[in-house]
Structures are given as C-alpha cells and as structure tokens.
Amino acid sequence: MRRGPRRAFPALSLALSLLLTALSGCSAAPAQTATIFAMDTVMELTAYGERRCVDEAVSAVYEAEDRFSVTDPDSDVARLNASGGGAVSGDTQALLERALELCALTDGALDITVYPLVRAWGFTTGQYRVPGGGELAGLLEKTGYDRVRLEDGTVSLPEGSLLDLGAVAKGWTADCIAGIWREAGVKSGLINLGGNVMTVGAKPDGSDWTVGIRDPFSQELMGAVRVRDAAVVTSGGYQRYFEEDGVRYCHIIDPKTGRPADSGLASVTVTGAEGVLCDGLSTAVYVLGLEGAKALWRENGGFELVLVTEERKVYITEGLEGVFTPEGSYQSTEIKVIRRG
Ligand code: AMP
Ligand code: MG
Numbered sequence: 000m001r002r003g004p005r006r007a008f009p010a011l012s013l014a015l016s017l018l019l020t021a022l023s024g025c026s027a028a029p030a031q032t033a034t035i036f037a038m039d040t041v042m043e044l045t046a047y048g049e050r051r052c053v054d055e056a057v058s059a060v061y062e063a064e065d066r067f068s069v070t071d072p073d074s075d076v077a078r079l080n081a082s083g084g085g086a087v088s089g090d091t092q093a094l095l096e097r098a099l100e101l102c103a104l105t106d107g108a109l110d111i112t113v114y115p116l117v118r119a120w121g122f123t124t125g126q127y128r129v130p131g132g133g134e135l136a137g138l139l140e141k142t143g144y145d146r147v148r149l150e151d152g153t154v155s156l157p158e159g160s161l162l163d164l165g166a167v168a169k170g171w172t173a174d175c176i177a178g179i180w181r182e183a184g185v186k187s188g189l190i191n192l193g194g195n196v197m198t199v200g201a202k203p204d205g206s207d208w209t210v211g212i213r214d215p216f217s218q219e220l221m222g223a224v225r226v227r228d229a230a231v232v233t234s235g236g237y238q239r240y241f242e243e244d245g246v247r248y249c250h251i252i253d254p255k256t257g258r259p260a261d262s263g264l265a266s267v268t269v270t271g272a273e274g275v276l277c278d279g280l281s282t283a284v285y286v287l288g289l290e291g292a293k294a295l296w297r298e299n300g301g302f303e304l305v306l307v308t309e310e311r312k313v314y315i316t317e318g319l320e321g322v323f324t325p326e327g328s329y330q331s332t333e334i335k336v337i338r339r340g
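In numbering that gives the first Met the number 0, the protein residues as written are 0 to 340.
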C-alpha cells in the first residue's frame with residue numbers, strides 16, 4: 000500500500016523545534032532540512048551537507064514504515080502476522096534479531112509480541128477499552144518473545160502470536176539514517192523522529208548538541224542533555240493514553256500482567272550511541288520501574304538514564320553528571336545520581 004501525498008506540518012514542526020534547542024546557524028555546509036509525517040508522528044531531519052543526504056534519509060524513513068508498520072497490511076510485519084511467520088531479509092531480519100536480543104536483555108519487559116494486548120486495549124484502533132481479566136489471561140497466553148523462532152531468515156510465530164516493532168522501529172530507523180549520513184561524510188546532523196532523537200557528530204560550530212527532555216507533567220522541558228553522536232529517546236505514559244472512570248491507561252503494556260505499565264515512573268529517557276538500544280530500553284525501563292532500571296543499568300553498558308517518577312523525583316545515572324541540566328521548576332528539584340557501586 001502506498002500512502003497519499005506526503006504533507007509538511009510547519010506548525011507542529013515549530014513545536015518540535017522548541018524541544019531541540021540546538022540548531023546553530025554557523026556552518027560551512029548549508030543546513031538541509033525535511034519535515035515529514037511518518038510512523039504516526041512528525042519527523043524533522045537536518046543535515047549539514049548535500050541535499051541528497053536528507054532526501055535519502057526521507058526515503059529510509061518511508062522504507063522503514065513500509066516494512067515495520069503493524070497496521071499497514073502490506074508491511075513485512077503485517078505479512079508475518081497474517082501468516083504466522085515467513086521469510087525475512089535485510090532490515091526486517093536484522094531488526095527482529097536485535098529486538099529479540101533486547102527482549103532477552105530486559106527479561107521480557109520489552110516484548111515484541113505484545114500486539115494482541117496493545118490491540119485489545121484499543122491503542123491501534125483508537126477504540127479504547129479496559130479488557131476483562133479473563134480476556135487478558137487468554138491474550139497473555141499468546142504473548143512471549145521467547146516463543147518466536149528466527150532461524151536461517153525464517154520467522155515462525157506460535158498460533159495467535161502477533162509481532163509489534165513499535166517500541167524499536169524509530170530507534171532503528173535513526174541508526175540507519177545516521178549510518179547513511181556518516182558514510183556520506185556528514186559531520187553534523189540532527190534526526191528527530193517525533194521526539195526520538197539521534198545526533199550525528201557535533202553542532203556545526205563544533206559544540207555539543209543540546210537535546211531537551213519534556214516534563215511528563217506539563218508541556219515544558221524538565222531538562223536537557225548535551226550529547227554528540229548519540230541517541231536521546233524518551234518513553235512516557237503521557238505520550239499516548241486514555242482515561243476511564245478517573246484511571247489513566249497508557250500505551251506501554253507490562254507483558255507480565257497484560258495491563259498498562261504502572262511502575263511508578265512517569266518518563267524514561269535513554270541516551271547512548273545506538274538508537275535501537277535506547278528506543279527498546281526506554282520502553283522496557285518504563286515497565287521495569289526505578290529498581291529494575293538501576294539493576295539493568297548496573298549490569299549493562301552503552302546507555303545512561305534520566306528517570307522522572309510519578310512523585311516528580313528525578314534520577315540520573317552517573318554518566319550524565321555534568322551532561323544533564325534541569326530546566327524550569329526542576330532547577331529546584333534534587334537530582335539523585337544512580338551509581339555503579
Ligand atoms: P515506545 O513509544 O518506544 O515506548 O513504544 C511504545 C509502543 O510499543 C506501543 O505503542 C506499542 O505499540 C508497543 N509496546 C507497548 N508495550 C510494549 C512492550 N512492553 N514491549 C514492546 N513493545 C511494546
Ligand atoms: Mg521505545
């Protein structure tokens with residue numbers, strides 16, 4: 000399936016720009032930009048280099064959407080879901096392999112087979128509802144990443160099991176674009192896939208990029224991190240949710256209960272060199288909660304965390320000391336540092 004004409008979203012684009020306080024005008028190479036709507040969100044691509052770099056990045060986004068969309072019946076993922084598996088190749092195979100590793104790394108807090116549950120709660124259809132206990136128990140039997148087989152380029156899914164790569168696809172796509180740009184010699188670029196950010200190199204003036212982190216309780220920023228050649232990805236219950244009888248239900252599902260995650264965290268930001276890792280872990284850590292986050296970070300390298308709890312407490316891992324700066328009302332909040340020892 001092909002979509003209709005691509006549209007630009009100047010107003011939304013401006014709003015997103017406010018989250019990224021980094022663009023600097025002084026550069027030898029001109030800024031090439033594109034704003035597109037894809038993967039259900041507004042995306043902004045900025046490369047200091049040749050125009051074709053941005054054009055190739057736009058193509059990469061649409062290609063990823065065509066492969067990974069769970070709702071487009073012609074996508075690779077939908078095709079696998081409809082047939083209980085099948086042959087995979089290229090990026091679909093590579094992303095599935097990496098995603099399954101991340102599911103194992105997080106002991107199933109990230110689980111790419113949660114789709115039956117995501118759908119039952121109405122998050123793909125917009126017809127939100129609270130499924131009953133019996134229904135959830137039945138759907139939980141259909142989930143479990145460890146029952147997905149991927150061997151010699153062939154996937155097999157157990158009866159009723161459905162894949163959803165929504166928790167990792169944007170991070171993967173950001174990695175692809177960063178790879179394309181680095182190969183083309185781009186020294187400075189900013190990839191913003193709906194708040195799922197990847198920076199390439201440093202700012203054109205040679206300084207770090209500053210990427211804002213949204214306050215989960217308002218439209219303001221709660222802080223910012225200074226990075227280069229790094230992804231900054233946030234997952235939060237505020238990003239997509241519905242309310243019923245005064246209870247808020249968010250789009251991130253705890254695969255152990257089948258219910259929206261309720262771990263006490265309001266938002267999780269993960270930064271590191273690998274976009275797909277940061278994307279997968281932001282979703283997983285939102286499920287795991289503060290203590291699970293500490294354990295995961297202490298046992299693994301390659302990423303740092305900014306955690307905001309439902310009580311508005313802020314935790315950062317020690318690699319972000321001097322890198323994270325609180326903004327607005329958070330300037331008077333105690334920032335607790337999670338250390339290895
Ligand atoms: P993200 O915005 O990256 O945190 O990913 C959230 C999306 O991933 C949701 O909209 C679902 O499609 C899917 N999802 C929800 N819960 C999980 C989970 N525990 N593991 C993997 N994917 C999930
Ligand atoms: Mg994610």
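All C-beta atoms, glycine included, are put in the ideal place defined by N, C-alpha and C.
The structure presented is a predicted model; accordingly, all values stated were derived computationally and were not measured.
DSSP-derived helix/strand/coil call for residue i
i, result
"residue 176", "helix"
"residue 55", "helix"
"residue 31", "strand"
"residue 132", "helix"
"residue 303", "strand"
"residue 322", "coil"
"residue 340", "coil"
"residue 117", "helix"
"residue 37", "strand"
"residue 109", "coil"
"residue 49", "coil"
"residue 125", "coil"
"residue 43", "strand"
"residue 330", "helix"
"residue 335", "strand"
Beta-carbon proximity of residue i to residue j, cut-off 8 Å
i, j, result
"residue 46", "residue 184", "no"
"residue 268", "residue 212", "yes"
"residue 291", "residue 116", "no"
"residue 332", "residue 311", "yes"
"residue 295", "residue 305", "no"
"residue 167", "residue 275", "yes"
"residue 70", "residue 113", "no"
"residue 154", "residue 84", "yes"
"residue 210", "residue 226", "yes"
"residue 156", "residue 95", "no"
"residue 98", "residue 164", "yes"
Inter-residue spacing [alpha-carbon to alpha-carbon] between residue i and residue j
i, j, result
"residue 198", "residue 172", "13 Å"
"residue 231", "residue 159", "34 Å"
"residue 111", "residue 334", "33 Å"
"residue 26", "residue 186", "Residue confidence is low: residue 26 scores 43 on pLDDT, short of 50, so the model does not pin down where it sits. Its coordinate-derived value is still stated next. About 10 Å."
"residue 229", "residue 272", "4 Å"
"residue 180", "residue 222", "28 Å"
"residue 337", "residue 76", "37 Å"
"residue 182", "residue 57", "16 Å"
"residue 195", "residue 87", "26 Å"
"residue 170", "residue 178", "12 Å"
"residue 152", "residue 301", "28 Å"
"residue 37", "residue 61", "7 Å"
"residue 253", "residue 139", "11 Å"
"residue 206", "residue 278", "25 Å"
"residue 49", "residue 33", "13 Å"
"residue 149", "residue 297", "29 Å"
"residue 28", "residue 127", "47 Å"
"residue 132", "residue 248", "15 Å"
"residue 244", "residue 330", "34 Å"
"residue 202", "residue 43", "16 Å"
"residue 91", "residue 137", "28 Å"
Own chain residues within Cβ distance below 7 Å of residue i, not counting five before or after
i, result
"residue 74", "65, 66, 67 and 68"
"residue 130", "119 and 120"
"residue 30", "45 and 47"
"residue 102", "109, 110, 111 and 144"
"residue 270", "224, 226, 229, 230, 231, 277, 302 and 303"
Close-in-space but distant-in-sequence residues of the same chain around residue i (CB under 8 Å, 5 per side omitted)
i, result
"residue 285", "234, 235, 236, 251, 260, 262, 264, 266 and 267"
"residue 299", "104"
"residue 289", "262, 263, 264, 306, 308 and 314"
"residue 339", "297 and 317"
"residue 52", "31, 46, 179, 180, 183, 185 and 188"
"residue 239", "122, 249 and 250"
Own chain, CB closer than 6 Å to residue i, minus 5 neighbours either side, in chain order
i, result
"residue 327", "219"
"residue 287", "108"
"residue 216", "none"
"residue 309", "263 and 265"
"residue 40", "193"
"residue 176", "56, 59 and 190"
"residue 322", "224 and 225"
"residue 174", "274 and 275"
"residue 378", "Nothing about residue 378 can be read from this structure; the chain reaches only from 0 to 340."
Check: residue i C-beta below 7 Å from any heavy atom of the ligand NAP
i, result
"residue 282", "Among the ligands modelled here, namely the ligand AMP and the ligand MG, the ligand NAP does not occur."
Contact with chain D by residue i, beta-carbon distance below 8 Å
i, result
"residue 53", "Protein chains in the displayed structure number just one, and chain D is not present."
- Which whole runs of the beta strand (DSSP E) in the stretch 135 to 192 are 3 residues long or more, in chain order? Within the stretch 135 to 192, the runs of beta strand (DSSP E) that reach at least 3 residues and sit entirely inside it are, in chain order, 148 to 150, 153 to 155 and 187 to 192.
- Item | Completely contained alpha helix (DSSP H) runs for the stretch 219 to 301, where each covers 4 or more residues | Listed in chain order, they are 274 to 298.
- Run through the stretch 60 to 99 for me and flag every whole alpha helix (DSSP H) of 4 or more residues, listed as ranges in chain order. Counting only runs of 4 or more, we get 75 to 82.
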